[in-house]
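Chains as they are written, first to last, in this note's numbering: chain W, 174 to 283; chain U, 158 to 271.
Using N, Cα and C, we set each Cβ at its ideal position, and we do this for glycine too.
The structure displayed is predicted, hence computed values, not measured ones.
These notes concern the structure reproduced below.
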């Protein structure tokens, strides 16, 4: 049974700070790792994906992957109130379907 | 920018009735998916579809569920005899190719079974 675990939060950070979101996964065969953002009542919106160990940066977002530790994280720099949402970690393996974590609720305080 | 569309946005039905949820994937995408999210719970995979057949399905996707691509644009999820526990948000997603695993989600259909 593949599991993706996230701290449900809520995580609160002040505007302009760095928000750090973490995720662990159980299946060592997991190949691709995704971060989605979900606003209440809306669909998941892709933020970033990462396939290889290390860091990947896209604007204010940095994804970090450590396959040995089965750990993936998302850093959001210069957090804005509009970043307030639930952040979903998801993984795929040899099968293409996404396995999602339960999400971390982030609140950025003005 | 191309996007996945879904209709209807909301559907209310009586227990035991059949419902069909419709999706129009991004036009050049080849892989299609249905997921559901019960209120307050995780997004869960239901089924994937490629080359006019089911590729993978989860334990949730039992005989009450079926999928179809009736024409070149639509992708449908049918629930034959709805149960109260089928109440959820249903998301359609699509991805471009075998090499691209990035899935783009539609806005969802909120299904309420009474």
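Neighbourhood of residue 272 (chain W) by C-beta, 7 Å cutoff - its chain only, sequence neighbours within 5 removed = In the first chain, residue 272 (chain W) corresponds to position 99, counting from 1. Around residue 272 (chain W): 175, 177, 263 and 264.
Cβ of residue 201 (chain W) within 8 Å of any chain U Cβ | Here residue 201 (chain W) corresponds to residue number 28 of the first chain, with the count starting at 1. It does not; no Cβ of chain U falls within 8 Å.
Under 8 Å from the C-beta of residue 259 (chain U): neighbouring residues of chain W | Here residue 259 (chain U) corresponds to residue number 102 of the second chain, with the count starting at 1. 207, 219 and 222, listed in chain order.
Kindly give me the distance between the Cβ atoms of residue 187 (chain U) and residue 254 (chain U), rounded to whole angstroms, as I take these residues to be in contact under 8 Å.
-> If you number the second chain from 1, residue 187 (chain U) lands on position 30. If you number the second chain from 1, residue 254 (chain U) lands on position 97. Sure, about 6 Å apart at Cβ, within 8 Å.
Distance, Cα to Cα, residue 199 (chain W) vs residue 231 (chain W)?
-> Position 26 of the first chain, counted from the first residue, corresponds to residue 199 (chain W). Position 58 of the first chain, counted from the first residue, corresponds to residue 231 (chain W). Going from the Cα of residue 199 (chain W) to the Cα of residue 231 (chain W) covers about 26 Å.
What are the residues of the region 265 to 278 of chain W that lie near chain U, defined by any Cβ-Cβ distance shorter than 9 Å?
-> Per Cβ criterion, the list reads 265, 268, 269, 270, 271, 272, 273, 274, 275 and 276.
Would you mind telling me which residues of chain W sit closer than 9 Å to residue 276 (chain U), beta carbon to beta carbon, in chain order?
-> Summary: the structure shown does not reach residue 276 (chain U), with chain U confined to residues 158 through 271, and so no result is reported for it.
At least one CB of chain U closer than 8 Å to the CB of residue 257 (chain W): is that the case?
-> Taking the first residue of the first chain as position 1, residue 257 (chain W) is located at position 84. Not an interface residue.
Is the Cβ-Cβ distance between residue 205 (chain U) and residue 204 (chain W) less than 8 Å?
-> Translated into positions along the second chain, residue 205 (chain U) becomes position 48. Translated into positions along the first chain, residue 204 (chain W) becomes position 31. Note that the C-beta distance between residue 205 (chain U) and residue 204 (chain W) is not below 8 Å.
With a threshold of 16 other CB atoms inside 10 Å of the CB of residue 194 (chain W), please say whether the residue is buried or exposed.
-> The residue labelled residue 194 (chain W) in the question sits at position 21 within the first chain. So residue 194 (chain W) counts as buried.
What residues from the region 207 to 230 of chain U come within 8 Å of chain W, judged by C-beta to C-beta, listed N to C?
-> 212, 213 and 215
Would residue 176 (chain U) count as contacting chain W if we go by Cβ distances under 8 Å?
-> For the purposes of this step, residue 176 (chain U) is taken as the residue at position 19 of the second chain. Not an interface residue.
Do we get a CB-CB distance below 8 Å when we pair residue 205 (chain U) with the residues of chain W?
-> Counting from 1 along the second chain, the entry for residue 205 (chain U) is found at position 48. Yes - at least one Cβ of chain W is within 8 Å of the one on residue 205 (chain U).
Cβ of residue 232 (chain U) within 8 Å of any chain W Cβ | Residue numbering aside, residue 232 (chain U) sits at position 75 when the second chain is read from its first letter. No, no contact with chain W.
If we cut at 8 Å on Cβ distances, does residue 261 (chain W) have a partner in chain U?
-> The count along the first chain starts at 1 and reaches residue 261 (chain W) at position 88. Yes - at least one Cβ of chain U is within 8 Å of the one on residue 261 (chain W).
Does any residue of chain U bring its CB to less than 8 Å from the CB of residue 242 (chain W)?
-> Locating residue 242 (chain W) in the first chain gives position 69, counting from the first residue. Not closer than 8 Å to any Cβ of chain U, the Cβ of residue 242 (chain W) fails to qualify, so no.
Does the distance from the CB of residue 181 (chain U) to the CB of residue 162 (chain U) come in under 8 Å?
-> Taking the first residue of the second chain as position 1, residue 181 (chain U) is located at position 24. Taking the first residue of the second chain as position 1, residue 162 (chain U) is located at position 5. Closer than 8 Å, so yes.
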